[in-house]
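Novice: Numbering of the sequence shown is given in my numbering, commencing with residue 8 and proceeding in unit increments.
Ideal Cβ positions, reconstructed from N, Cα and C, are used throughout, including at glycine.
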Amino acid sequence: IIAPGQFPDGVPSQGFQRTPTLLIDEEYNRYVLAYNAGHDTNESWQKRSYLAIASRPINNLIGDVNEDGFVNVQDVIQIVNMILSSEPHDSADLNDDGNVDILDILQIVNIILGI
8 IIAPGQFPDG
18 VPSQGFQRTP
28 TLLIDEEYNR
38 YVLAYNAGHD
48 TNESWQKRSY
58 LAIASRPINN
68 LIGDVNEDGF
78 VNVQDVIQIV
88 NMILSSEPHD
98 SADLNDDGNV
108 DILDILQIVN
118 IILGI
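1) Identify the continuous alpha helix (DSSP H) that holds Glu111 and give its terminal residues.
2) How many whole angstroms separate the CB atoms of Ile69 and Leu101, which I take to be in contact at a CB cut-off of 8 Å?
3) Measure how close the beta-carbons of Ile112 and Asn79 come, nearest whole angstrom, since I'm counting them as under 8 Å.
4) From which residue to which residue does the alpha helix (DSSP H) around Ser93 run?
5) Could you work out which residue in Ile115, Ile122 and Gly121 is closest to Val72 when comparing CA atoms only?
6) Measure the alpha-carbon distance for Ser93 versus Val83 and round it to whole angstroms.
7) Using 7 Å as the cut-off, classify the Cβ of Asp111 as near or not near the heavy atoms of the ligand NAD, replying yes or no.
8) Let me make sure I understand the geometry here. Which of Asn117, Ile86, Gly76 and Gly121 has the alpha-carbon closest to that of Val107?
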């Protein structure tokens, strides 16, 4: 995967259109960001084009605080760290009460246990 601003060997870093295209794949619950990373024009018969893409999950799992596509103990650890560091994140406020606290942790544990 080539991140925006990075280019494969041989591709100039300037002079090419880099307008990103966002594609959403609902079947696999992922989004793909693609853009033209340029082409190499040393010889017309050797011309190569490059397409840079990045694929990421669309986070819509309730309780998936760390946005890895799963609800598990790592999400519990993440929310505890957020509470202790006073840096809550919207995805950690499971009960939508405006606070990230023990009630949100209990809700994640219940999701993991299937309760």
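Specialist: A quick look at the data gives this:
1) With the sequence shown as reference, residue 111 is identified as Asp, and Glu is not the correct amino acid for it. Residues Ile109 to Leu120.
2) 6 Å
3) Not a contact, Cβ separation roughly 13 Å.
4) No alpha helix (DSSP H) holds Ser93; DSSP gives it neither H nor E.
5) Ile115
6) Approximately 15 Å between the Cα atoms of the pair.
7) Judged by which ligands are present, the structure shown has none, so any question about the ligand NAD falls away.
8) With distances taken between CA atoms, Val107 lies nearest to Ile86 out of Asn117, Ile86, Gly76 and Gly121.
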